[in-house]
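Chemist:
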Amino acid sequence: MNRAICPGTFDPVTNGHLDVIERASALFAEVVVAVALSPDKGGGPLFTLDERCGFIERAVAHLSNVVVRPFDGLLVEFAQEMDAKAVIKGLRAVTDFEREFQMAQLNYRIDKTVETMFIMSIPEYAYLSSSAVKEIARYGGSVKGLVPDEVCEALASRSHQSH
Ligand code: PNS
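Everything in the sequence shown is counted per our numbering, starting at 2 for the first residue and increasing by one.
Structure, rendered in structure tokens:
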């Protein structure tokens with residue numbers, strides 16, 4: 002089985018993530034979207050692991066070979082558990098490269114059988130990130146077209162609560 006993993010914190014999933022997931026689903030027999038608990042990232046995620054998984058599940062419902070799974074621990078160990086041979090990451094600007102290169106090298110050191118591969122973001126989403134989306138929403142700006150509509154609404158109500 003030609004299975005790949007698309008890992009991330011997805012706090013929350015953006016249309017840029019979804020574009021990479023959809024393109025990966027056209028290349029591999031099965032894609033597992035691996036949602037990391039990432040308890041320490043940026044002072045703790047805004048959305049719970051369940052919420053983050055739910056947003057993605059509903060957004061990829063039309064892709065029959067994509068499943069969404071939460072994980073906590075080492076990515077390469079989760080890849081082994083899922084019997085996945087490749088880890089697919091999206092790459093936006095040069096600024097992503099250093100962090101992604103470091104993670105790919107470390108993962109390779111831990112397990113040489115899991116290959117990291119990159120899918121370049123389309124220009125339309127090259128500037129898009131979950132943190133930018135959260136910042137715009139926090140100050141009441143519109144993130145329509147950058148994230149699924151359901152996420153837009155969740156961000157709007159979460160941002161109101163925190164003000
Ligand atoms: O969306 P993100 O936050 O850039 O994704 C980063 C993620 C979740 C892929 C990365 O932090 C990760 O792989 N976490 C699991 C822990 C792990 O395996 N760390 C070693 C990799 S350097």
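Virtual Cβ for every residue (Gly too), placed ideally from N, Cα, C.
Return the CA-CA distance between Val67 and Val61, expressed in angstroms with no decimal places.
Modeler: To locate residue 67, count along the sequence shown from 1; it is residue 66. To locate residue 61, count along the sequence shown from 1; it is residue 60. About 7 Å.
Chemist: Within 8 Å, do at least three Cβ pairs link the segment 39-55 to the segment 118-128?
Modeler: They do not touch, by the three-pair rule.
Chemist: Decide if His18 is buried, meaning its Cβ has at least 16 other Cβ atoms within 10 Å, or exposed.
Modeler: Position 17 of the sequence shown holds residue 18. Buried, since its Cβ has 16 or more Cβ neighbours within 10 Å.
Chemist: From Ser26 to Val32, what does the alpha carbon distance come to, in whole angstroms?
Modeler: Numbered from its first residue, the sequence shown carries residue 26 at position 25. Numbered from its first residue, the sequence shown carries residue 32 at position 31. Whole-angstrom Cα-Cα distance: 6 Å.
Chemist: For Met83, which residues from the same chain have a beta carbon less than 8 Å from its beta carbon, with the 5 sequence-adjacent residues on both sides left out?
Modeler: Along the sequence shown, one-based indexing puts residue 83 at 82. Here the set comprises Arg4, Ile6, Val33, Ala35, Arg70.
Chemist: Pro71 by DSSP, collapsed to three states: which one?
Modeler: On the sequence shown, position 70 is the one that residue 71 refers to. Here Pro71 sits in strand by DSSP.
Chemist: What residues are listed by DSSP as bridge partners for Val14?
Modeler: Translated into the one-based positions of the sequence shown, residue 14 becomes position 13. Paired residues: none, contrary to the question.
Chemist: Tell me the start and end of each unbroken alpha helix (DSSP H) in the segment 43-72 that is at least 4 residues and wholly inside, in chain order.
Modeler: Counting only runs of 4 or more, we get 50-60.
Chemist: Pull every residue with its beta-carbon under 5 Å away from any heavy atom of the ligand PNS, and keep them in chain order.
Modeler: Going along the chain, the residues that qualify are Pro8, Gly9, Thr10, Ala37, Leu75, Leu76, Met104, Leu107.
Chemist: Locate the beta strand (DSSP E) running through Ile120, then write down its first and last residues.
Modeler: By 1-based counting over the sequence shown, the position of residue 120 is 119. Element bounds for Ile120: 116-121.
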